[in-house]
Amino acid sequence: MHTTRKQVAGATTLGLALAGVVTVGTLPAQAADPVDIQILATNDFHGRILEDSFNGSAGAAVLAGAVQELRGENPNTVFAAAGDLIGASTFESFIQQDKPTIDALNAAGLDVSAVGNHELDGGYSDLVDRVLGDFDPETNPYGGAEWEYVAANLKMRATGDDAVPASYISSQGGVEIGFVGAVTEDLPFLVSPSGIEDIEVTDIVDSANAEADALRAEGVDVVVLLVHEGATSSDCASVTDGAFGEIVTGLDGDVDAIVSGHTHLEYDCRVPVAEWAGEAVTERPVVSAGQYGVNLNQLVYTVDPDTGDVLGLETDVLPLLGNYPADPEVQQIVDDAEDVAAELGAEPLGEVAGVHNRAQRWGVDSETGEEVLVENRGGESTLGNLVAEVQQWATETEEAGSAQIAFMNPGGLRADLTGDPESELPRTLTYQQAAVVQPFANTLVNMQLTGEQIKTALEQQWQRDAAGNVPSRPFLRLGVSEGFTYTYDPALAEGDRITGMWLDGEAIDLDASYSVTVNSFLAAGGDNFRVFAEGADARDTGKIDLTAFVDYMAEQATDEPLEVDASQRAVGVSFSKNEALKAGKKTAFDVSSWSMSTAADVTDDELVVELDGEEIGRFAVDSTVGSEPFDEVGAAAVELTLPKKQAGTLTLVGPSTGTEVVVGEVEAQGGKPEWTPGSVYTAGDQVTLDGRLFEAMWWTTETPGASPWGSWQEIAETSDGTAVWTSSRVFTAGDVVEHDGATYEAQWWTRNQEPGGSPWGPWQLAG
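This is how it looks when you write it as structure tokens:
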């Protein structure tokens, strides 16, 4: 604390002396030595009970071992947390409703935690009745948390009473430390509304200040805010920005420290507090340990136990992996959890008709130097598209956001979805086989994106980091849910490569808003897809990606095996010339990304070009897999003359894969307005009818093409601009036309006289 509230020991004796009373044998009080109070803090643990060296998670046993070692060095220690200890957990904890995490944190000696949004994934009653309820093997086998959950800004809607305790007090070495809890004010958008319908979320600053004042009035010496809200960047300059910045700058001087979470970032910052000027500590620590038990925040306050004054402060972020021993008791909890998970993981989810693979490319084995097929995160895959489809399906209800489109990052797919490779197809898929595909326990986040923002997300597949540099993986192909397709031109400039987007056959409106679902990693702007962090009305549905997949299998693959969708969502179309598609004109373009890249994937030997559903050409597809980390497998060269008299939609179709993508709209020759019955036209007016272009010879209301001698002449040209003979067009001496593959020159005025019809006619072969 920074304002003395404790009565000074010996004050009663002093008062008696001043009153003229002398007490024989009374000695001056001995001043107590300063006490170092240690606060160890974690946040966003999310049931990461196993060690994972890939992302730096130390696991629950090492986390507990670190706390025990540090507590042994300083017994005046409180182990605290800023929420999201459970929920969005990995398989070993998730499959047992986070009971292993609860047991591990109990054994680690966790004292207090803020409520996080994921503590309420199952609703308020699940938190207070199961998680915080006493363990009972019959009535409550998955509960029994022994620490206190606190949240000053959660109130019962009907009464205004605290939904959970607002604060917690710990006495260490004669010093009283108060912990005030708070959860993000976005909570109503992050969990199912029905689960917290009896709860009101109030203002964090007002609630925390009021509770801190109350604690001070009780004689608490040091007050720490445990808040499940955090900075948007690890840069300390950002901790005073945005919603979190309003908390940091809005708290009064009674709050000595802010231990935060929610944004999964690591920071150890200090922010000046004006009313602390001239005191031993003038800056308030604002800290977060990151995520998943990678670190511990350490705050050590030196406090005068007589006065409660803060005399000094040291803070640090302690990396855990490799630096602390595993606690044997917690390690046994983790080992047991793995055994149970293995048993439960054998549960069949349904059958798969084929394998869903990640994309591949040729690479080099780092040990042997030989060429081998390696994962290609730059390639479209059946697995990426399936997972995106699952996520759209899981959030298509109104309560979850009515998702229309979902995207999946390739790095979130850690194994192929194959089932038992020794079994014949169709194969049974087990819980564990599904779990290893998506091991990160991300939740599904729904948001509103404009068509322009969706385009930006697709452009960001060509990677740039926050500093504008191209990272080691220059391209990441997003998995896309069914119904959304797009074309791109890899030859165009950065930021302009997406050339068309469609949802269920309708072109995406850049100004319209669409409901989009991504996982929580992407929603935070992960993998440099920063636009997802800008989505409007973003809400964490609380649905774990693996849970969504399990539910999908239960509905889609119980009666019939789950089929593999081999269709491409993204197709490269690169035109040799930047010109519109016009009826009767030649067009040429290169196609890429027409094929998936693994041996198990269905591919097309050729693609079909269609105009308004009518086949107008077929072209060979080369599905050779290359070594570049991009998505160009499946190449074709298309060159054809478009039908003369037909406008419409030009599409590419895969006979075997089912791929169907729009190339563009073919304009009628001349791109002129349609003829309208009853309208008056005068000489020189041009109109189209049935895909043909006509020009009025004089004032007319008649139908074009009704007579070769009528008021309309039909205008047609080759792709190079040479006139094509039509029976109704007027030609004069010197005009050159194409007809039936030959070139003719008019000798005099002529109309409705076919070239080559007579050697004595008006036409002479040219050349």
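For reference, each letter of the sequence shown is one residue, going -31 to -1, 1 to 736 in mature numbering (1 follows the signal peptide of the UniProt record, and there is no 0).
Beta carbons are placed, not taken as given, at the ideal position from N, Cα and C, and that holds for glycine.
As assigned by DSSP and simplified to three states, the class of residue i
i, result
"residue 676", "coil"
"residue 87", "helix"
"residue 424", "helix"
"residue 370", "coil"
"residue 2", "coil"
"residue 465", "coil"
"residue 248", "coil"
"residue 354", "helix"
"residue -10", "Reliability fails at residue -10, whose pLDDT of 37 lies under 50, so the model's placement of it is uncertain and the value that follows must be treated cautiously. Residue -10 falls in the coil class under three-state DSSP."
"residue 304", "helix"
"residue 819", "There is no way to answer for residue 819, as the model of the chain reaches only from -31 to 736."
"residue 312", "helix"
"residue 498", "coil"
"residue 735", "coil"
"residue 529", "coil"
"residue 429", "coil"
"residue 288", "strand"
"residue 263", "coil"
"residue 363", "helix"
"residue 317", "strand"
Residue j beta carbon less than 8 Å from that of residue i
i, j, result
"residue 648", "residue 348", "no"
"residue 262", "residue 17", "yes"
"residue 146", "residue 47", "yes"
"residue 630", "residue 620", "yes"
"residue 421", "residue 479", "yes"
"residue 302", "residue 589", "no"
"residue 469", "residue 455", "yes"
"residue 272", "residue 6", "yes"
"residue 299", "residue 283", "no"
"residue 387", "residue 534", "no"
"residue 306", "residue 65", "yes"
"residue 414", "residue 384", "no"
"residue 382", "residue 356", "yes"
"residue 50", "residue 26", "no"
Straight-line Cα distance separating residue j from residue i
i, j, result
"residue 222", "residue 250", "12 Å"
"residue 359", "residue 403", "13 Å"
"residue 304", "residue 544", "58 Å"
"residue 508", "residue 471", "25 Å"
"residue 560", "residue 294", "56 Å"
"residue 84", "residue 606", "58 Å"
"residue 202", "residue 256", "12 Å"
"residue 678", "residue 709", "22 Å"
"residue 153", "residue 105", "31 Å"
"residue 354", "residue 376", "8 Å"
"residue 217", "residue 505", "24 Å"
"residue 613", "residue 57", "58 Å"
"residue 714", "residue 574", "44 Å"
"residue 117", "residue 148", "10 Å"
"residue 615", "residue 362", "38 Å"
"residue 597", "residue 522", "34 Å"
"residue 370", "residue 172", "25 Å"
"residue 128", "residue 97", "17 Å"
"residue 333", "residue 340", "5 Å"
"residue 723", "residue 703", "16 Å"
"residue 695", "residue 721", "7 Å"
"residue 665", "residue 646", "14 Å"
"residue 731", "residue 711", "15 Å"
"residue 685", "residue 476", "30 Å"
"residue 237", "residue 229", "10 Å"
Cβ-heavy atom distance, residue i to the ligand ZN, below 7 Å
i, result
"residue 105", "The ligand ZN is absent from the structure shown, which contains no ligand whatsoever."
Where the beta strand (DSSP E) through residue i begins and ends
i, result
"residue 35", "Taken as a continuous stretch (DSSP letters only), residue 35 belongs to no beta strand (DSSP E), being part of the alpha helix (DSSP H) at 29 to 42."
"residue 658", "655 to 658"
Continuous alpha helix (DSSP H) stretch holding residue i: start and end
i, result
"residue 71", "68 to 77"
"residue 521", "514 to 525"
"residue 492", "489 to 492"
"residue 61", "60 to 63"
**Report entry** 3-residue-minimum beta strand (DSSP E) runs that sit fully inside the segment 541 to 576, ordered along the chain
**Finding:** 555 to 561
Query raised in the report: At which residue ranges does the segment 370 to 416 contain complete alpha helix (DSSP H) runs of 4 or more residues, listed in the order of the chain?
Result: 400 to 404
Report task. Entirely within the segment 185 to 259 and at least 3 residues each: give me those beta strand (DSSP E) ranges in chain order. Result -> 191 to 197, 226 to 229, 235 to 241 and 252 to 258
Report task. Identify every run of the beta strand (DSSP E) within the segment 106 to 194, keeping only runs that are complete inside it and at least 3 residues long; order them along the chain. Result -> 117 to 119, 123 to 125, 136 to 141, 144 to 152 and 168 to 170
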